[in-house]
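Below is one structure, written out as structure tokens, with a few remarks after it.
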Amino acid sequence: MAYEHAIVLTGSIGTGKSTVSTLLQNHGFDVIDADTISKEILPLHVNEVRELFGEGVIVDETIDRKALGAIIFNDKNEREKLNALMRPLIREEILKRSEVLEQKGKPYIIDIPLYYESEGYDCKLVVVVYAPVEVQRKRLMQRENFTKEEAQKRIDAQISIEEKKILADFLINNSFDRAFLQSEIEKFIHYVRGRYANCKI
Numbered sequence: 001m002a003y004e005h006a007i008v009l010t011g012s013i014g015t016g017k018s019t020v021s022t023l024l025q026n027h028g029f030d031v032i033d034a035d036t037i038s039k040e041i042l043p044l045h046v047n048e049v050r051e052l053f054g055e056g057v058i059v060d061e062t063i064d065r066k067a068l069g070a071i072i073f074n075d076k077n078e079r080e081k082l083n084a085l086m087r088p089l090i091r092e093e094i095l096k097r098s099e100v101l102e103q104k105g106k107p108y109i110i111d112i113p114l115y116y117e118s119e120g121y122d123c124k125l126v127v128v129v130y131a132p133v134e135v136q137r138k139r140l141m142q143r144e145n146f147t148k149e150e151a152q153k154r155i156d157a158q159i160s161i162e163e164k165k166i167l168a169d170f171l172i173n174n175s176f177d178r179a180f181l182q183s184e185i186e187k188f189i190h191y192v193r194g195r196y197a198n199c200k201i
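Below, the structure is given as structure tokens:
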């Protein structure tokens, strides 16, 4: 059965989900990364993106991600147009990769940033990587060189992290330093070993 051993890893932009995903890989978890899949799929759909958003987001027959981002993060309706194109394609690819990993019979991670904003994933366990909004904003300003307003727009484009925190089956707090995060990862691994008999992680 698809997703039988799947653990969804989600959060919000700037909470450090990619860092957590890398640490979990280092501990032996297989990871399906929705962002990586999106980056692989999007360039295959130049014509559809051109039709939806115009020539301004196409340069030399490739999609200008920065120009596209400027459109979708400034207009919810435009963002939904892109989501309507991409989400079914991403979901289909995640399902294919999940079916392969299910054959190993052990827990694995599906890293889905917009899990709560999406549909179609029948997973039993959802882990949220948490950091408060002020930490998210600071990280985005440092990492992406965003203004405070630009960072907040990215944050506001998703369900609030406080709401996701309530919905989580398990919470990994990434509000502090790397040593604290590592202790949170160890708590999570202990939790997974308790849930899955014969877990080899």
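Okay, so the sequence shown: first residue is 1 according to the UniProt record's numbering, each after it adds one. A virtual CB, placed ideally from N, CA and C, is assigned to each residue, including glycine.
Looking at C-alpha atoms only, which residue of the options is the closest neighbour of residue i?
i: Asn47; options: Thr62, Arg154, Asn83 and Phe170; result: Thr62
i: Asn26; options: Gly194, Val127 and Ile185; result: Ile185
i: Ile166; options: Ile155, Val127 and Tyr191; result: Val127
i: Leu23; options: Val129, Lys164 and Glu117; result: Val129
i: Phe188; options: Glu117, Val8 and Tyr3; result: Val8
Mark residue i as exposed unless 16 or more other C-beta atoms lie within 10 angstroms of its C-beta, in which case mark it buried.
i: Ser12; result: buried
i: Phe53; result: buried
i: Thr36; result: exposed
i: Gly16; result: buried
i: Gly14; result: buried
To the nearest angstrom, report how far apart residue i and residue j are at their CA atoms.
i: Arg193; j: Cys123; result: 18 Å
i: Glu55; j: Thr19; result: 35 Å
i: Val59; j: Ser38; result: 19 Å
i: Tyr191; j: Pro107; result: 12 Å
i: residue 202; j: Ala197; result: For residue 202 there is no data in the structure shown, the boundaries of the chain being 1 and 201.
i: Arg154; j: Phe73; result: 6 Å
i: Gln103; j: Leu140; result: 38 Å
i: Asp64; j: Cys199; result: 43 Å
i: Lys138; j: Val57; result: 28 Å
i: Arg143; j: Asn77; result: 27 Å
i: Val49; j: Leu68; result: 9 Å
Based on DSSP bridge pairs, tell me the residues matched to residue i.
i: Leu89; result: In DSSP, Leu89 forms no bridge with anything.
i: Phe170; result: Val127
i: Val59; result: Thr62
i: Ala6; result: Tyr108
i: Ile159; result: Paired residue(s): none; Ile159 is not in a bridge.
The segment 27-39 touching the segment 74-94, judged by at least three CB pairs closer than 8 Å: yes
Touch test, the segment 81-88 against the segment 166-180, Cβ-Cβ under 8 Å, three pairs minimum: no
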